[in-house]
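First comes the structure, then the notes that go with it.
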Amino acid sequence: MIDIPNDFDSLVRLFTELGVPTSNIAFYNHPSFMRAEADNASVLELYAAFVRMRPRDADYDTHVKETVPIVTRKLAEEIQSDGQLGACVDVAQMLNKILEELGIWSYSVQGSLTIMDPSLPNPTCFWMFDEKPVPGHVWVVAPPFDIIDVTLKAQPYGRHEADLLPLVLTSEGGKRIRPSSEEFFEPSLLAAAYRAVGGPRDTIHERTNPGMMSAINFFPSWQLEEGTTRLRYATGGISLSDAPDLPAIKNRTWNGRYASAVLDDIIRPALDAILTKRS
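If you count the sequence shown from 1, you need to add 1356 to reach this note's numbering.
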C-alpha cells in the first residue's frame, strides 16, 4: 500500500525525489522507477495516478477520442477472428503499448467484473480472488476514457452473455460505486476469509488484503448500463507490462502476428485511412 498524493504538483515532486523524470510517456520503464517499484510494487499506482491527473488540452483529448475507437475496434476484431478467449491481461498490456506508440497515456486496471441482465438467472462474475488460473478481469484507462474493454465479448462464457455485450466498450465514466467484498471474492473463498477475520462481511477485503486499499480508494470503480445489461467494474489494483516496448511483447500471437505486427499491419493502415478521409 502506498500514499497517493491528491494533487498533481505533489505527485511530480514525489517522482523528482525518486529520481524519476516524468516528461516522457511510459516513464515507468525508467531505471529509477523500476528500482523504486522493486522496493514497493505499489509504486506503479503512482504512475497511474500521474496519467489520471496530468493536465490535458483539447487537442490531446481530440486525438484520444479520434484514435482510441479505431484502435480498439480493429484490435477487438483481430481478437475475435483469432478466437483466443480470456486473454484480458495480455490484451490490456498490448493495448497499453500500442497506445503509447500513438502518443496516448494509459494504464491497466486489474479487478472484478460483474455482468447482470434480466435474461440471466444470476450474475456472471469474474472475481479478483478466485481459484481460476487467471482470476478477475483487466481493462484499460486512457483519459478521458475511464474504461476501455476490448475483451469483454471474448471470454469463455457458459451462457449467452456474449450476445448481450458490445464488441468494444469505451466509456468516459458511469455511476461511481464502492465495491463490496462479494464482488472481489468467489463465494467459497469469501466464506473462508470471513471465518478467518470476521467483522462486516462487505468489507472483508479491507482486512484480508489491505494492500489493495490505496488503489480502491484513489481509482474509481464504475457501474455502466449497456441496453438491459448492467456491468460493474470493481477496481482492485494497477497493472502494466514489464516489456520495455511493444516489439518486446511476444507471449502471444494473433492470427500469426505478434503485437508490433498487429499495430503495423492492422491498426496503422486503418488509422491512416480513416483519419486521412476525415481531414
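Even glycine gets a Cβ: it sits at the ideal position worked out from N, Cα and C.
| Query | Result |
| --- | --- |
| Roughly how many whole angstroms lie between the Cα atoms of N1565 and A1626? | 43 Å |
| Reducing DSSP to helix, strand and coil, say where K1421 ends up. | helix |
| Just curious, the beta strand (DSSP E) that L1469 is in, first and last residue? | 1463-1472 |
| In chain order, what are the residue ranges of uninterrupted alpha helix (DSSP H) at least 4 long that sit wholly in the segment 1396-1446? | 1399-1409, 1414-1438 |
| When you compare each of L1580, L1374, A1382 to R1391 by their alpha carbons, which one comes out closest? | L1374 |
| On the premise that L1469 lies in contact with Y1384, defined as a C-beta separation below 8 Å, what is that separation, rounded to the nearest angstrom? | Actually they do not touch by this definition, with Cβ atoms about 25 Å apart. |
| Thinking C-beta only, is E1457 closer than 8 Å to L1631? | no |
| Can the beta-carbon of T1507 be found less than 8 Å from the beta-carbon of V1447? | yes |
| Rounded to whole angstroms, how far is the Cβ of V1618 from the Cβ of I1504, which I believe are closer than 8 Å? | Incorrect: roughly 16 Å between the Cβ atoms, too far for contact. |
| Let me know the secondary structure DSSP gives H1386 once reduced to three states. | coil |
| CA-CA distance, L1580 and D1502? | 11 Å |
| Alpha helix (DSSP H) containing I1372: first to last residue? | A small correction: the amino acid at residue 1372 is Thr; Ile does not occupy that position in the sequence shown. Where T1372 is concerned, the enclosing alpha helix (DSSP H) stretches over 1364-1373. |
| Taking 7 Å as the limit between beta carbons, can you name the residues of its chain near L1546, skipping five residues before and five after? | S1537, E1538, I1560 |
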